[in-house]
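Written out below as structure tokens is the structure these notes cover.
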Amino acid sequence: MRPLPELTPATEWFWTSGADGTLRVQGCSDCGQLVHPPVPICPKCRSRNWAPTAVSGRATVVGFTVNAQQWSPAMKPPYVIANVALVEDASVRLTTNIIGCEPKDVHIGQEVDVRFEQHEDVWLALFEPTGTTDPTDRVGEPNLPTPRAPLSSDRFEHRVVLSGIGRSAMGRRLMVDPLSLTVDACLKAVEDAGLRLEDIDGLSTYPGAGAAGMSEGGVSAVEEALRIHPTWTNGGGDLPGPGGSVITAMMAVASGLCRHVLCFRTVWESTYRALGLGQAPARVSNPSSLWRAPFGALSAANWIAMNANQYFHRYGADREMLAAIALNGRAGAARNPAAIYREPLTLDDYMSARPITTPFGLYDCDVPCDASIAVIVSDASVAGDLPKPAIRVEAVGTQILERVSWDQGIITHEPQVLGQSSHLWTRTDMRPSDVDLALVYDGFTFNAISWIEALGFCGIGEAKDWLDQGRRIAIDGELPVNPHGGQLSEGRTHGYGFFYEAITQLRHEAGERQVADARTAVVTSGGGTPSGVLLLQRDDV
């Protein structure tokens with residue numbers, strides 16, 4: 002059946018409100034602020050007095066995607082997933098479905114009205130076009146606060162180096178236990194750094210134990226397998242993206258709590274799915290998907306695609322812009338023996354590929370795989386003793402400047418890239434022009450576009466022309482991007498593959514795909530919320 006929300010004391014009022022045909026959202030009883038999703042306190046006046054508040058049910062489409070992929074047996078594609086802004090307050094948005102029209106007729110700015118659909122004890126707020134278009138821009142240009150200035154000139158980043166890397170086998174449906182992959186990557190990283198297991202006194206991972214198909218079991222599983230006795234550990238998903246496990250390790254080393262932290266990230270999505278594990282629960286309770294899953298928005302592809310269509314509408318871009326990212330990634334993967342997809346990809350191949358969710362086709366989406374990657378963070382004092390060039394961290398960017406949400410924050414770009422990128426440049430005197438190559442998260446082609454603009458390599462909305470049909474980001478271009486193929490062609494290692502490639506490039510060990518004289522690289526981490534970014538340098542800079 003259609004994924005339905007778990008009714009709890011905090012949310013039951015919303016999901017049952019439509020029984021009388023009236024849309025209600027949380028309203029502050031003291032200042033009148035409307036709030037969605039509901040929270041225990043008003044974000045404007047901090048009052049805890051609120052009540053379900055009736056609204057008109059009229060809204061404007063500010064983001065949408067026509068989904069063509071069968072994510073759920075109960076929801077037959079095509080269907081439209083949309084982000085709509087309420088007429089009473091455009092900052093209050095709902096993820097929903099647009100009904101009562103052909104999917105091809107849905108567009109940004111379309112005015113819609115609520116129509117409730119009952120499923121068991123739940124009334125879903127769907128929306129139907131009114132036949133008119135809203136002349137007002139309900140989104141506006143991205144406008145973020147200025148990041149906080151550093152408290153001092155002392156940088157914890159400069160007290161560490163990245164000393165070793167390791168990678169397991171990588172492929173589709175390896176049918177190998179994920180902990181075995183992790184052990185392979187960790188042992189290789191330790192050897193690469195010229196260390197012994199006994200030297201490791203810290204362990205850090207993302208997202209820790211319990212992540213379906215995206216974890217080896219966390220710190221405890223690795224500690225038990227390798228019998229390491231760390232003085233510090235870290236594991237969890239509430240970090241600045243997967244790379245947050247590296248950033249927290251840096252802070253632990255810089256504080257003197259440990260000397261060598263083994264960081265690792267393991268995915269085994271291909272095997273996990275092949276074994277038929279992780280079937281969807283009857284009711285959705287996870288706060289991150291509660292407000293999207295009932296409308297068939299079951300993949301990050303849907304969430305990001307809605308923003309991509311807002312970007313297309315606002316800046317006049319098209320799929321050829323996205324194609325430049327996909328084709329560049331495949332060209333890089335052709336030079337990467339570890340990449341999963343290395344065969345040539347043409348513009349015709351890209352344009353004619355099976356649609357997933359507009360504007361994304363098959364080649365706009367990264368490749369689920371099985372793999373583990375490990376990175377060692379060490380005290381900077383060991384830099385001269387390492388068997389290979391140490392990689393220094395010039396700066397990190399982690400500050401959150403928008404709501405941590407897929408549909409309530411910035412919707413002109415991928416969420417959580419603009420603030421973190423702005424924060425990075427407050428922690429260094431370097432500028433985007435000083436970067437030799439960029440390893441930007443490309444869970445979807447549009448993610449890479451968002452990071453390129455956020456980091457200042459080109460202006461907001463200017464990527465289409467700046468890319469120069471991909472020539473500017475090619476291996477011999479002005480700013481090589483993802484020369485290993487990225488997650489679109491090498492495989493989805495959820496951020497750690499970018500660390501592996503950056504370190505390999507800065508060591509000048511990348512072989513056929515080596516960026517000439519690469520000395521500075523930016524690495525972004527996170528395909529949504531939250532995320533982070535690091536600026537790396539070869540030690541002899």
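In this text, residue positions in the sequence shown follow this note's numbering: the first is 2, and each later residue adds one. Even glycine gets a Cβ: it sits at the ideal position worked out from N, Cα and C. Predicted model, so just to flag it, every value in this text is computed and none were measured.
Segment contact flag, the stretch 189-206 with the stretch 223-237, C-beta cutoff 8 Å, min 3 pairs: Cβ pair count under 8 Å is three or more, so yes.
Span of the alpha helix (DSSP H) around arginine 331: For arginine 331, the enclosing alpha helix (DSSP H) covers residues 320-334.
Simplified DSSP assignment, three categories, for cysteine 264: Cysteine 264 falls in the strand class under three-state DSSP.
Contact belief for glycine 487 with isoleucine 341 at Cβ below 8 Å, rounded distance in angstroms: Between glycine 487 and isoleucine 341 a beta carbon distance of about 11 Å is seen, past the 8 Å cut, so the two are scored as non-contacting.
Whole-angstrom C-beta distance between arginine 520 and aspartate 437, which should lie under 8 Å: Yes, aspartate 437 and arginine 520 are in contact; Cβ-Cβ is about 6 Å, under 8 Å.
DSSP three-state assignment for valine 56, whether helix, strand or coil: In this structure, valine 56 counts as strand in the three-state DSSP scheme.
Distance between proline 360 and arginine 514 (C-alpha atoms, nearest Å): Their Cα atoms are separated by approximately 30 Å.
Per DSSP, cross-strand counterpart(s) of isoleucine 99: Answer is Val81 and Phe128.
Collapsed DSSP secondary structure at glutamate 1 in the structure displayed: No answer is possible for residue 1: it lies beyond the span of the chain, which begins at 2 and ends at 542.
Nearest-angstrom beta carbon gap, serine 18 and asparagine 50 [assumed within contact, 8 Å]: Between asparagine 50 and serine 18, the beta carbon gap of about 19 Å keeps them out of contact (Cβ cut-off 8 Å).
Those residues which DSSP pairs with tryptophan 16 across a bridge: Looking at the DSSP output, tryptophan 16 sits in no beta bridge, so it has no partner there.
As assigned by DSSP and simplified to three states, the class of threonine 137: Annotated three-state conformation of threonine 137 is coil, per DSSP.
The stretch 385-396 / the stretch 419-433 touching (three or more Cβ pairs under 8 Å): Cβ pair count under 8 Å is three or more, so yes.
Status (buried if at least 16 other CB within 10 Å, exposed otherwise) for serine 286: Per the 10 Å Cβ criterion, exposed.
Collapsed DSSP secondary structure at alanine 517 in the structure displayed: The three-state reading of DSSP puts alanine 517 in coil, since its state is none of H, G, I, E or B.
Threonine 347 classed as buried or exposed, judged by whether at least 16 other C-beta atoms fall within 10 angstroms: Burial call: exposed.
Presumed contact (8 Å Cβ cut-off) between leucine 152 and glycine 420, rounded CB distance: Contact between leucine 152 and glycine 420 does not hold, since the beta-carbon distance rounds to 18 Å and is not under 8 Å.
3-residue-minimum beta strand (DSSP E) runs that sit fully inside the stretch 138-196, ordered along the chain: Counting whole runs of 3 or more residues, the stretch 138-196 contains the beta strand (DSSP E) stretches 161-168.
Own chain partners of tryptophan 124 with C-beta closer than 8 Å, once the 5 adjacent residues on each side are dropped: So the qualifying residues of the chain are Trp16, Thr17, Ser18, Gly19, Ala20, Phe117 and Glu118.
Asparagine 235 - partner residues in DSSP beta bridges: Ser205.
Closest by C-alpha distance to lysine 189, when choosing among Ile166, Arg174, Val177 and Ser181: For lysine 189, the nearest C-alpha among the options comes from Ile166.
DSSP three-state assignment for tryptophan 304, whether helix, strand or coil: In this structure, tryptophan 304 counts as helix in the three-state DSSP scheme.
Sufficient close CB pairs (3 or more, under 8 Å) joining the stretch 322-331 to the stretch 450-469: Look at the beta carbons and you see the stretch 322-331 touching the stretch 450-469: at least three pairs across the two are nearer than 8 Å.
Proximity test, arginine 293 beta-carbon vs the ligand GDP heavy atom, cut-off 6 Å: The ligand GDP is not part of this structure, which contains no ligands at all.
Segment limits, beta strand (DSSP E) that includes glutamine 538: Run containing glutamine 538: 533-539, per the beta strand (DSSP E) assignment.
Span separating the alpha-carbon of valine 140 from that of aspartate 90: Using only the alpha carbons, I get a separation of about 11 Å.
C-alpha distance - threonine 134 paired with alanine 511, whole-angstrom precision: So the two alpha carbons sit approximately 52 Å from each other.
Where arginine 266 falls, given that 16 or more other Cβ within 10 Å makes a residue buried: By the neighbour-count rule (16 or more Cβ atoms within 10 Å), arginine 266 is buried.
Selection from Ala503, Ile392, Gly533 and Arg432 that minimises the alpha carbon distance to valine 418: Per the C-alpha coordinates, the member of Ala503, Ile392, Gly533 and Arg432 positioned closest to valine 418 is Gly533.
The stretch 168-178 / the stretch 363-374 touching (three or more Cβ pairs under 8 Å): Enough Cβ pairs lie closer than 8 Å, so yes.
Continuous beta strand (DSSP E) stretch holding arginine 393: start and end: Taken as a continuous stretch (DSSP letters only), the beta strand (DSSP E) holding arginine 393 covers 392-398.
Beta-carbon gap between valine 523 and alanine 439 smaller than 7 Å: Taking a C-beta distance under 7 Å as the contact criterion, valine 523 and alanine 439 qualify as a contact pair.
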